[in-house]
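Have a look at the structure below before the remarks.
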Amino acid sequence: MKKNIGSQLALYPTPVTVIGTMNGNNPTWTLVAHVGIIGHEYVLVSLASAHFINGAIKKNQKLSINIVNESILPQADYCGAVSGAKEDKSNLFDYEMGDDGMPVIKKSPLVMECRVADIYNTKGFESFICKISNTYVEEEYLNESGKINYHELKPVLFEFPTYEYLKTGEVIGKCLSFKNNKTV
Ligand SMILES: Cc1cc2nc3c(=O)[nH]c(=O)nc-3n(C[C@H](O)[C@H](O)[C@H](O)COP(=O)(O)O)c2cc1C
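In terms of the numbering used here, the sequence shown opens at residue 864 and continues consecutively.
Below, the structure is given as structure tokens:
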């Protein structure tokens, strides 16, 4: 019998992202690892209500989700340590504007530009349910069939219990390739 360790937030690892939005004429960035997928069109970004970026997201009704790989991890980690309420974080990353007016980190391998569809409130948190408008990817991370190649893109993962960043793991096999060998 497994040990019951009570009600634990244990759905890890999750991808590390930098959420961006515009704060007036400048971007602001916040590190967020509590992200998720809802159906095939929506994604979820869960933010503590007290964060600086929330007000700007609510004003714009838009945000960008910048996937973090090891090349931008130092700056990403920094924007998870400092609040835009205390320090201007607009110069942390070189960025360009997406077609829907959201800041896109140039060195992030993959960025989704999103519109806020709804906000789910729980005590102390606002979870933004967002519809993806545009997806920007460095072409070197597309395979011959035009699909995103996550083996090469190598998103950094996060886990809360030990508060660590993890490397993306190895391939175990193709999905649905095990269905005839249930003993594996
Ligand atoms: C590894 C890591 C993951 C984080 N994930 C989240 C998260 O999922 N949701 C959240 O609200 N804050 C998260 N944070 C905390 C915010 O990034 C941090 O408090 C930030 O300074 C808030 O910035 P802001 O006030 O400018 O919005 C995370 C921090 C770190 C270091």
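C-beta: ideal position from N, C-alpha, C; glycine also.
Under a 10 Å Cβ-count criterion, F1041 is classified as exposed, with fewer than 16 other Cβ atoms of the shown protein chains found around its own Cβ. DSSP lists I968 as the beta-bridge partner residues of Y958.
Within a 10 Å sphere around the beta-carbon of L1039 sit fewer than 16 other beta-carbons, which makes this residue exposed. Collapsing the DSSP output to three states places E933 in a helix. Placement of the Cβ of F991 at a distance of 8 Å or more from every heavy atom of ligand 1 is found.
Residue L907 holds the alpha-carbon nearest to the alpha-carbon of G899 among W892, T893 and L907. With a cutoff of 8 Å, G883 does not count as near ligand 1, since its C-beta is closer than that to no heavy atom of the ligand. Uninterrupted alpha helix (DSSP H) stretches at least 4 residues long and entirely within the segment 867-943 occur at 916-923 and 936-942, given in chain order. Beta-bridge analysis with DSSP links L1029 to L1020. Non-local beta-carbon contacts of S996 in its own chain, meaning distances under 7 Å to residues more than five positions away in sequence, involve D963, E976, C977 and R978 in chain order.
For Y1026, the shortest C-beta to heavy atom distance toward ligand 1 is below 8 Å. Fewer than three beta-carbon pairs drawn from the segment 915-929 and the segment 866-877 are found closer than 8 Å, and the two stretches are therefore not classed as touching.
Taken through DSSP and simplified to helix, strand or coil, E1002 comes out as helix.
Taking the Cα of N932 as reference, the smallest distance to any Cα among V1019, V895 and I1035 is reached at V1019.
Taking 8 Å as the cut-off, one finds no heavy atom of ligand 1 near enough to the beta carbon of N923.
T891 and A948 have their C-alpha atoms spaced approximately 10 Å apart. Under a 10 Å Cβ-count criterion, I868 is classified as exposed, with fewer than 16 other Cβ atoms of the shown protein chains found around its own Cβ.
Spanning the alpha carbons of K969 and E1007 requires a straight line of approximately 23 Å.
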